[in-house]
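Engineer:
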Amino acid sequence: MRIAVYLAHPRPGSFNGALFGAVVDELRTHAVEVLAHDLYAEGFDPMLGAAETETVDSTRAGDDLIRRYQDELSELDAMIFVHPNWWGMPPAILTGWVQRVLTPAVAYKLNDAAGEPIPLLRAERALVLNTSDTTADRERDVFGDPLGQIWASCVLPYIGVKDMRRKVFRTVTDSSEQTRAAWLREARALAAALATDG
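For the sequence shown, the UniProt record's numbering gives the first residue as 1, with consecutive numbering after it.
1) Report yes if the C-beta distance between isoleucine 93 and phenylalanine 15 is below 8 Å; otherwise report no.
2) Output the boundary residues of the beta strand (DSSP E) element that contains aspartate 163.
3) Using alpha carbons as the reference points, say which of Leu19, Leu120, Leu76, Glu33 lies closest to histidine 83.
4) What's the gap between the Cα of threonine 196 and the Cα of glycine 49?
5) Use the C-beta contact count for residue 213: other C-beta atoms within 10 angstroms, 16 or more gives buried, fewer gives exposed.
6) State the start and end residues of the unbroken beta strand (DSSP E) segment that holds tyrosine 158.
7) Go to asparagine 130, then tell me how far its beta strand (DSSP E) extends in each direction, as first and last residue.
8) Entirely within the region 36-104 and at least 3 residues each: give me those beta strand (DSSP E) ranges in chain order.
9) Given a cut-off of 8 Å, decide if alanine 136 and arginine 166 are closer than it, judged by their beta-carbon atoms.
10) For the alpha helix (DSSP H) containing valine 23, name the first residue and the last one.
11) Histidine 37 and leucine 7 - do their beta-carbons sit closer together than 8 Å?
12) Straight-line CA distance for alanine 187 to asparagine 111?
13) By a C-beta neighbour count over all protein chains shown, 10 Å radius and 16 as the cutoff for buried, is glycine 62 buried or exposed?
14) Is the beta carbon of isoleucine 3 closer than 8 Å to that of methionine 89?
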């Protein structure tokens, strides 16, 4: 089994970084080949260029790092995304990753007749781990959980993910060390379940 884990947080030592480390460590204790990507540390450029906006075949656009990510996609059994909730969206670096890496002819193609996407990836499972400083009630009642909608409705089904799991750890800023330790154990359990449920 091959699972890629993507971290989108700019600050070394962040709790997102701790979640990423715990998940990668846990997966390596199972029969899993782990592809661990810290998008900031790898120097990923999220800026989408004009040449990359071709909707028919964008396989020749992008740089070597993008092509490396795209080459890995076809070999994945599952994906894990670790990032904070910023303004109801993933950080810009991860939004750019989605736009530059999950491109037509790589992650999906469009059905000309219906305009519906036809997924091209074999990975049917994904886990999204988010951090937030918004309470669950406010996120649901005031904002309608836009971040959940982005992943569950807009991105992952488009590329063929049928089993999307998500956990939000909140509220992070005022959390205790004991709470964070429990969250890390929970993240490990979620990663283990993703690796073993298939």
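Built from N, CA and C at the ideal position, the CB exists for glycine as well.
Being a predicted model, the structure only gives us computed values, none of them experimental.
Structural biologist: To lay it out plainly:
1) no
2) 163-170
3) Leu19
4) 39 Å
5) The structure shown has nothing for residue 213, since the chain only spans 1 to 198.
6) Counting along the chain, tyrosine 158 falls outside any beta strand (DSSP E), and DSSP gives it neither H nor E.
7) 125-132
8) 78-84
9) no
10) 15-27
11) yes
12) 37 Å
13) buried
14) no
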